[in-house]
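S.K.: Note that the sequence shown covers residues 0 to 220 in numbering that gives the first Met the number 0. Glycine is no exception: its CB is placed at the ideal position from the N, C-alpha and C atoms. In this text the structure is predicted, and so the values were computed from the model without any measurement. Next up is a structure, given as structure tokens.
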Amino acid sequence: MSLTEALNRFTELGAEWVLWLLLCLSVISIAIMVERAIALYKRRGDAAALAKLLQAHLDEGRVDELLAAIRDRRSIEAVVLRAGLARRHEGPAAAEEAMQAAQVAQRQELDRYLAFLGTVGSNAPFIGLAGTVIGIMQAFRNLGGNLQAGASSTVMSAIAEALVATLIGLLVAVPAVIAFNYFQRRIKVRINDTQVIVHTLLGYLKARSAAKTAAAADSKD
Numbered sequence: 000m001s002l003t004e005a006l007n008r009f010t011e012l013g014a015e016w017v018l019w020l021l022l023c024l025s026v027i028s029i030a031i032m033v034e035r036a037i038a039l040y041k042r043r044g045d046a047a048a049l050a051k052l053l054q055a056h057l058d059e060g061r062v063d064e065l066l067a068a069i070r071d072r073r074s075i076e077a078v079v080l081r082a083g084l085a086r087r088h089e090g091p092a093a094a095e096e097a098m099q100a101a102q103v104a105q106r107q108e109l110d111r112y113l114a115f116l117g118t119v120g121s122n123a124p125f126i127g128l129a130g131t132v133i134g135i136m137q138a139f140r141n142l143g144g145n146l147q148a149g150a151s152s153t154v155m156s157a158i159a160e161a162l163v164a165t166l167i168g169l170l171v172a173v174p175a176v177i178a179f180n181y182f183q184r185r186i187k188v189r190i191n192d193t194q195v196i197v198h199t200l201l202g203y204l205k206a207r208s209a210a211k212t213a214a215a216a217d218s219k220d
């Protein structure tokens, strides 16, 4: 069997399977959109308010109370702050590494499944176009085998139906692209918001470390 014959047999399957594939991709995409929206909602937080709370506790030396207050918070900012506070006794460098690791972990968690949305958004139109091409090939094959009067109108109707695959592909792709871009933007903003927390804590730890170093130098003198 030649490659051309194999492809012709493949096109004889029709374009309906393409529509079912696009429908499945659409359902999965919607499920991911809902799941990611819930995940972001559960990790919502106010970076500015947490930064003020952090600064107030640092000024008063009540770091342990702050750690207890944010122990059960699930926001990205709270997770990053907990990581830094847990390593605060090891110095600014250790705390910074811990917070950077927490940021990376949070980014990976929030990015989960988004690659699928991006893939669907960029490829669904081409899948739909493939269905249209298959449908048009079938229509012309039917026209070649049936040259009776009225056959052309039947073929035109078949071509119109084949174009539905392209439309469905676009309808699947557009929401996926919009959701992908929205979630990427929201995640970037949330991760950047944690920098306020990181720099506030690091500023405190570096100042305390410098004070200890100066005190140690004075005691030697």
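With contact counted as at least three CB pairs below 8 Å, one residue from each stretch, are the stretch 153–170 and the stretch 39–46 in contact?
M.R.: In short, these stretches do not touch, since the Cβ pair count stays below three.
S.K.: Check this for me: beta carbons of glycine 168 and leucine 21, under 8 Å apart or not?
M.R.: Residue 168 sits at position 169 when you count from the first residue of the sequence shown. Residue 21 sits at position 22 when you count from the first residue of the sequence shown. Contact: yes.
S.K.: Given a cut-off of 8 Å, decide if leucine 24 and valine 119 are closer than it, judged by their beta-carbon atoms.
M.R.: Looking up residue 119 in the sequence shown gives position 120. Looking up residue 24 in the sequence shown gives position 25. In contact: valine 119 and leucine 24 (Cβ atoms closer than 8 Å).
S.K.: Go ahead and pull the three-state DSSP assignment for glycine 202.
M.R.: Here residue 202 corresponds to residue number 203 of the sequence shown, with the count starting at 1. Residue state, collapsed to three classes: helix.
S.K.: Would you kindly check if the distance between the Cβ of isoleucine 75 and the Cβ of isoleucine 190 is under 8 Å?
M.R.: Counting from one through the sequence shown, the residue named residue 190 turns up at place 191. Counting from one through the sequence shown, the residue named residue 75 turns up at place 76. For isoleucine 190 and isoleucine 75, yes; Cβs fall inside 8 Å.
S.K.: With burial defined as no fewer than 16 other Cβ atoms inside 10 Å of the residue's Cβ, what is the status of glycine 125: buried or exposed?
M.R.: Within the sequence shown, residue 125 is the residue found at index 126, counting from 1. According to the sequence provided, residue 125 is phenylalanine. The question's glycine does not apply to it. Looking at its Cβ environment, which holds fewer than 16 other Cβ atoms inside 10 Å, phenylalanine 125 is exposed.
S.K.: How about arginine 81 and leucine 66: are their beta carbons less than 8 Å apart?
M.R.: As a first step, residue 81 is located in the sequence shown; it is residue number 82 there, counting from the start. As a first step, residue 66 is located in the sequence shown; it is residue number 67 there, counting from the start. Cβ atoms of arginine 81 and leucine 66: closer than 8 Å.
S.K.: Just how far apart, CA to CA, sit glutamine 105 and leucine 201?
M.R.: Sequence index remark: in the sequence shown, residue 105 carries index 106 (1-based). Sequence index remark: in the sequence shown, residue 201 carries index 202 (1-based). Straight-line Cα distance between these residues: approximately 19 Å.
S.K.: Looking at valine 78 and valine 197, is the spacing between their C-beta atoms short of 8 Å?
M.R.: Indexing the sequence shown from 1 puts residue 197 at position 198. Indexing the sequence shown from 1 puts residue 78 at position 79. No; because the gap between Cβ atoms is not below 8 Å, this pair is not in contact.
S.K.: Cutting at 8 Å between CB atoms, please list the residues of its own chain near leucine 39, excluding the five before and the five after it.
M.R.: The count along the sequence shown starts at 1 and reaches residue 39 at position 40. Leu109, Phe182, Arg185, Ile186 and Arg189, listed in sequence order.
S.K.: Could you give the first and the last residue of the continuous alpha helix (DSSP H) run that contains glutamate 96?
M.R.: Here the question's residue 96 lines up with position 97 in the sequence shown. Taken as a continuous stretch (DSSP letters only), the alpha helix (DSSP H) holding glutamate 96 covers 91–109.
S.K.: Report back the beta-carbon spacing between valine 62 and arginine 87 to the nearest angstrom; my notes put them in contact at under 8 Å.
M.R.: If you number the sequence shown from 1, residue 62 lands on position 63. If you number the sequence shown from 1, residue 87 lands on position 88. With 8 Å as the limit, valine 62 and arginine 87 qualify as a contact, their Cβ atoms being about 7 Å apart.
S.K.: Would you call the CB atoms of alanine 97 and alanine 85 closer than 8 Å?
M.R.: As a first step, residue 97 is located in the sequence shown; it is residue number 98 there, counting from the start. As a first step, residue 85 is located in the sequence shown; it is residue number 86 there, counting from the start. Result yes, Cβ atoms of alanine 97 and alanine 85 sit closer than 8 Å.
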